[in-house]
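The structure under discussion appears below in the form of structure tokens.
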Amino acid sequence: MVRKNPKNARGYNNLGVAYKKSRLIDQAFNEYQIAINLNSNYVDAYSNKGNIYQEKGLLEEAFREIQKL
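Here it is, written out as structure tokens:
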């Protein structure tokens, strides 16, 4: 989906989800950030990014991400 439409935030978010399921956390984080850069109102990407912060024990960063929702 990303190759066909490189400006599709949902595609990057979905790629991030796939990376996270494969335990490629840093790659997932990067894809979520790209999704946010493309669509600053994309709630799922903010939520997913916040979850990564939480899993890494970075609770302040997680809280800041969730506040953007």
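Residue 1 is where the sequence shown starts when you use UniProt numbering, and the numbers rise one by one after that. In this text, a Cβ means the ideal position worked out from N, Cα and C, and glycines have one as well. Just so we're clear, the structure is a prediction, and the values are computed from it rather than from any experiment.
Asked: Give me the residue from Ile52, Leu58, Val43 with the minimum Cα distance to Lys68.; Found: Val43
Asked: Decide if Leu15 is buried, meaning its Cβ has at least 16 other Cβ atoms within 10 Å, or exposed.; Found: buried
Asked: Just to confirm the assignment, what range does the alpha helix (DSSP H) spanning Pro22 have?; Found: In the sequence under discussion, the amino acid at residue 22 is Ser, which differs from the Pro named in the question. Looking at the DSSP string, Ser22 is not in any alpha helix (DSSP H), and its letter there is neither H nor E.
Asked: Label Gly50 either buried or exposed according to how many other C-beta atoms from any shown protein chain fall within 10 Å of its C-beta, with 16 as the threshold for buried.; Found: buried
Asked: Quick one: is Tyr55 buried, meaning 16 or more other Cβ sit within 10 Å of its Cβ, or exposed?; Found: The displayed chain sequence assigns Glu, not Tyr, to residue 55. Exposed is the call here.
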